[in-house]
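Engineer: Heads up: the protein sequence lines correspond to chains A and B, in order. Residue numbering for the first sequence follows the numbering used here, starting at 4 and increasing by one per position. Residue numbering for the second sequence follows the numbering used here, starting at 4 and increasing by one per position. One structure follows; several queries about it will come next.
2 protein chains.
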Amino acid sequence: MKIVMAHGSGGDMTRRLIEEIFSKAYGNEYLSQLEDSTVLPCETKIAYTTDSFVVTPPVFPGGDIGRLAICGTVNDLAARGAVPKYVSCGFILEEGLDAELLKKAAESMALAAKEAGVLIAAGDTKVVEGKGGLYINTSGIGFVYERDVKAKNIRSGDAVIVSGTVGDHHAAILGARLGMQSVSSDVAPLNGMVEALFEAGLNVHAMRDVTRGGLATVLCELAEASEKHIEIDEEKIPVSAAVKSFAGLMGLEPVYMGNEGKMVIILPAKEAERAVGVLRMCKYAENAAVIGHVYEPEKEEKPELTVKTALGGTRVLDVLAGEGLPRIC
Amino acid sequence: MKIVMAHGSGGDMTRRLIEEIFSKAYGNEYLSQLEDSTVLPCETKIAYTTDSFVVTPPVFPGGDIGRLAICGTVNDLAARGAVPKYVSCGFILEEGLDAELLKKAAESMALAAKEAGVLIAAGDTKVVEGKGGLYINTSGIGFVYERDVKAKNIRSGDAVIVSGTVGDHHAAILGARLGMQSVSSDVAPLNGMVEALFEAGLNVHAMRDVTRGGLATVLCELAEASEKHIEIDEEKIPVSAAVKSFAGLMGLEPVYMGNEGKMVIILPAKEAERAVGVLRMCKYAENAAVIGHVYEPEKEEKPELTVKTALGGTRVLDVLAGEGLPRIC
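Next up, the structure:
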């Protein structure tokens with residue numbers, strides 16, 4: 004078997020690669036939590052995550068690889084209900100890289116870290132042959148306190164909320180590659196809105212940040228991990244006019260388009276409207292909306308994600324198949 | 004300015020790159036500890052570090068990139084006196100990579116993690132275009148307990164110990180590239196020997212694992228950080244016969260050759276012989292030796308590293324200049 008681009012898509016081939024190679028080699032009770040970040044015992048529990056960023060182009064409308072590298076890791080910690088504290092960064096630089104670009108990326112990291120309230124606490128740099136490319140790995144540590152946020156907590160009757168419009172980052176990257184710079188990326192740290200939810204006393208069951216593979220892939224993973232059905236309503240999913248027309252032009256479905264500043268939040272239905280009210284007061288969540296609900300599968304049914312279409316039909320959505328947009332993050 | 008291979012050497016150009024770009028962009032009190040890993044406040048203190056591995060060839064006599072990726076991070080934690088606990092791994096795979104090689108690397112990681120007693124607790128995979136190469140970032144968390152191990156603790160009169168022969172990893176990599184597979188890498192986890200030192204009640208002041216840039220570069224950094232002179236005795240530095248002849252053939256100085264399984268330990272001179280005794284009972288430290296001592300600079304002298312040569316002279320050693328051996332780790 005040879006590695007192909009689709010192994011990095013975040014969809015089914017990525018999952019298979021992980022199951023067949025990494026889980027087999029060193030699966031353990033922590034890795035098998037299968038959440039965006041891993042909760043680890045400590046005197047106080049800490050959340051710990053890692054992510055590499057290989058986005059191209061490295062600078063795009065609305066952000067750059069540096070902002071992405073901080074926000075991606077911060078959001079993985081926030082999705083566990085953790086308060087992000089420390090980030091490490093490992094740079095792999097291809098020979099010929101313009102130092103100005105590197106400097107700009109480092110400065111973006113600093114700004115994003117300041118905004119998110121995290122410290123860049125460890126670093127490393129390597130240089131390899133190549134064509135001037137830039138890769139950044141970040142890992143992150145967050146403090147967990149008494150919060151218990153995970154897919155297994157999802158219950159029938161829960162509501163599904165998304166914190167804003169979907170598809171923006173995907174459209175920004177693809178647009179930039181095609182020379183159509185009309186859509187800005189949504190790349191942003193989401194720990195502020197997560198804190199607001201907890202401060203309001205809301206009983207958040209599970210969260211995921213919506214990245215590679217898009218909203219549908221994330222919700223499929225949540226359905227599977229919780230062994231529940233999830234149904235979403237196509238008309239309720241926030242999509243900006245710019246992304247809608249871009250997606251139409253490109254033949255893309257917004258629910259499979261990647262984001263870098265959107266959170267899916269699952270909590271009891273009776274708290275949903277209040278949660279949306281809290282979110283809409285937050286930066287980066289002005290367009291938060293309830294988009295669906297969780298319900299119990301019939302005996303021996305496999306948990307699945309369905310969407311009610313605008314025309315009144317219902318169809319099943321699966322995780323993203325194939326390679327998606329390569330190097331989107 | 005363009006990035007060149009020397010920026011990844013671990014020597015002076017790497018340092019300048021860090022100072023001029025990363026420290027400027029997001030320097031903070033934690034990053035400025037300038038130790039192999041960063042000690043962070045928490046309910047119990049944790050040590051946190053990151054390292055990317057880009058070694059070529061990815062499989063070499065005595066090890067491979069997977070073993071290296073675990074041991075490098077474990078050793079950075081151990082060098083702070085921390086007990087390594089958790090490791091994250093971020094893979095960047097170039098399209099065309101043979102999955103067998105990836106599998107072998109993952110298995111090596113698992114074995115090394117088991118040997119070192121750490122859990123691989125978070126992971127990520129990306130795929131990029133390229134020529135089938137493999138990059139691995141690991142970050143690590145260790146528990147610090149009551150130990151305070153850092154360069155600033157170094158005192159005049161301290162002894163300098165190295166845990167074994169130097170230059171083995173460098174000779175293994177360069178030999179493999181040249182088709183002369185005579186020397187095995189020393190890649191190994193060193194946390195076992197560090198625990199043995201603490202269990203024996205030894206008052207370790209500072210440690211560093213000896214990697215890129217070699218013994219001389221590490222000792223220069225310790226001299227500078229502690230504002231002390233360090234003098235080592237060339238004849239006391241352990242070098243295997245195979246590395247000695249390889250270095251002679253290649254015109255290399257063993258003190259500038261990279262290692263991946265050697266620790267420098269600095270503690271009070273009166274404890275030095277006992278420490279060497281403890282080390283020699285440990286796996287990977289059979290050839291431990293006292294190689295030098297620390298003394299006070301005259302007023303306004305800059306701290307420096309000197310070596311007494313076999314011929315009785317003394318010369319000053321600086322950090323590795325230029326690029327060293329690219330992609331040694």
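Ideal placement from N, C-alpha and C gives every residue a C-beta, glycine not left out. Keep in mind that this is a model prediction, so the values were computed, not measured.
Hey, could you find the ends of the beta strand (DSSP E) B/R211 is sitting in?
Structural biologist: That run of the beta strand (DSSP E) goes A209 to D212.
Engineer: Taking any Cβ of chain B, which residues in the segment 199-225 of chain A have a Cβ under 8 Å from it, in chain order?
Structural biologist: Residues: none.
Engineer: With distances taken between CB atoms, is the gap from B/S91 to B/G145 smaller than 8 Å?
Structural biologist: For B/S91 and B/G145, no; Cβs fall outside 8 Å.
Engineer: Is the separation between the beta-carbon of B/T220 and that of B/G75 shorter than 8 Å?
Structural biologist: Going by C-beta atoms, B/T220 is not nearer than 8 Å to B/G75.
Engineer: List, from N- to C-terminal side, the beta strand (DSSP E) runs of 3 residues or more that fit wholly inside the segment 203-276 of chain B.
Structural biologist: For the segment 203-276 of chain B, whole beta strand (DSSP E) runs of length 3 or above, ordered along the chain, are 209-212, 232-236 and 266-271.
Engineer: Could you name the residues of chain B that A/I24 contacts, counting a contact when the two beta carbons are closer than 8 Å?
Structural biologist: A102, L105, K106 and A109, listed in chain order.
Engineer: To which residues of the same chain is B/Y287 closer than 6 Å at the C-beta, ignoring the five residues directly before and after it?
Structural biologist: These residues qualify, in order along the chain: A191 and G264.
Engineer: Mind listing which residues of the segment 126-139 of chain A have their C-beta closer than 7 Å to chain B's C-betas, in chain order?
Structural biologist: The residues in question are G126, D127, T128, K129, V130, V131 and Y138.
Engineer: Please report how far the alpha carbon of B/A72 lies from the alpha carbon of A/I95, in whole angstroms.
Structural biologist: The alpha-carbon atoms of B/A72 and A/I95 are separated by roughly 14 Å.
Engineer: Might you give, ordered along the chain, the residues of its own chain that have their beta carbon closer than 8 Å to the beta carbon of B/P271, omitting 5 neighbours on each side?
Structural biologist: Excluding sequence neighbours, B/P271 sits near R158, G160, D161, A162, N206 and H208.
Engineer: Please name the residue or residues paired with B/Y298 in a DSSP beta bridge.
Structural biologist: Its beta-bridge partners are B/H232.
Engineer: I believe B/N140 touches A/G135 by the beta-carbon criterion, under 8 Å. Please report the beta-carbon distance rounded to the nearest angstrom.
Structural biologist: Rounded, the Cβ-Cβ distance is 20 Å, inconsistent with contact.
Engineer: Is the CB of A/D67 under 8 Å away from at least one CB in chain B?
Structural biologist: False, the Cβ-Cβ gap to chain B never drops below 8 Å.
Engineer: Could you have a look at B/V62 and say whether DSSP puts it in helix, strand or coil?
Structural biologist: DSSP places B/V62 in strand when its eight states are reduced to three.
Engineer: When you compare only the Cα positions, how much space is there between A/S2 and A/R19?
Structural biologist: Since the first residue of chain A shown is 4 and the last is 332, residue 2 of chain A is not available in this structure.
Engineer: Helix, strand or coil for A/T76, going by three-state DSSP, please let me know.
Structural biologist: Helix at A/T76.
Engineer: Label A/R330 either buried or exposed according to how many other C-beta atoms from any shown protein chain fall within 10 Å of its C-beta, with 16 as the threshold for buried.
Structural biologist: Per the 10 Å Cβ criterion, buried.
Engineer: Note down, in chain order, every chain B residue with its Cβ under 7 Å from the Cβ of A/G120.
Structural biologist: Neighbours of A/G120 on chain B: none; closest Cβ ~12 Å, over 7 Å.
Engineer: When the Cβ atoms of the segment 93-113 of chain B are set against those of the segment 105-116 of chain A, are three or more pairs found closer than 8 Å?
Structural biologist: Contact between the segment 93-113 of chain B and the segment 105-116 of chain A is absent, because fewer than three Cβ pairs lie under 8 Å.
Engineer: I think A/L80 touches A/T52, with their Cβ atoms under 8 Å apart; what is that distance to the nearest whole Å?
Structural biologist: Their Cβ separation, rounded to whole angstroms, is 6 Å, which keeps A/L80 and A/T52 in contact under 8 Å.
Engineer: Is there a C-beta anywhere in chain B that falls below 8 Å from the one on A/A85?
Structural biologist: False, the Cβ-Cβ gap to chain B never drops below 8 Å.
Engineer: Between the C-alpha atoms of B/V152 and A/V147, what's the straight-line distance to the nearest angstrom?
Structural biologist: Their Cα atoms are separated by approximately 28 Å.
Engineer: Mapping the DSSP letters down to three states, classify A/E68 as helix, strand or coil.
Structural biologist: In the sequence as displayed, the identity of residue 68 of chain A is Ile instead of Glu. Helix, per DSSP.
Engineer: Excluding the 5 residues flanking B/A226 on each side, which residues of the same chain have their C-beta closer than 7 Å to its C-beta?
Structural biologist: Excluding sequence neighbours, B/A226 sits near H232, I233, P306, E307 and L308.
Engineer: Looking at chain B, is there any beta carbon in it that lies within less than 8 Å of the beta carbon of A/T53?
Structural biologist: True, the Cβ-Cβ gap to chain B drops below 8 Å.
Engineer: Measuring alpha carbon to alpha carbon, tell me which of B/M196, B/L200, B/I235 and B/S142 ends up nearest B/V319.
Structural biologist: Comparing Cα-Cα distances from B/V319 to each of B/M196, B/L200, B/I235 and B/S142, the minimum goes to B/I235.
Engineer: For the candidate residues B/N290, B/I269, B/N262 and B/R70, whose alpha-carbon lies nearest to that of B/A119?
Structural biologist: Ranking B/N290, B/I269, B/N262 and B/R70 by Cα distance to B/A119 puts B/R70 first.
Engineer: Under the three-state reduction of DSSP, which class applies to A/L320: helix, strand or coil?
Structural biologist: The answer is strand: DSSP assigns A/L320 an E or B state.
Engineer: Any beta-carbon of chain B closer than 8 Å to the one on A/A273?
Structural biologist: It should be noted that the sequence gives Lys, not Ala, for residue 273 of chain A. It does not; no Cβ of chain B falls within 8 Å.
Engineer: With DSSP as the reference, identify every bridge partner of A/N140, one or two as the case may be.
Structural biologist: Paired residues: A/S55 and A/G93.
Engineer: Kindly list, in the order they appear in chain B, the residues whose Cβ is closer than 7 Å to that of A/R330.
Structural biologist: Within chain B, the residues near A/R330 are V131.
Engineer: Quick one: is A/M284 near chain B, going by C-beta distance under 8 Å?
Structural biologist: Answer no: the Cβ-Cβ gap between A/M284 and chain B never drops below 8 Å.
Engineer: Should the segment 281-295 of chain B be called in touch with the segment 163-174 of chain B, which here means at least 3 C-beta pairs below 8 Å?
Structural biologist: Counting Cβ pairs under 8 Å, three or more are found: they touch.
Engineer: Is any beta-carbon of chain A found at less than 8 Å from that of B/Y89?
Structural biologist: B/Y89 counts as touching chain A.
Engineer: Taking 8 Å as the threshold, find out whether the segment 249-257 of chain A comes into contact with the segment 170-180 of chain A through three or more Cβ pairs.
Structural biologist: As far as the Cβ criterion goes, the segment 249-257 of chain A touches the segment 170-180 of chain A, which means the pair count is three or higher.
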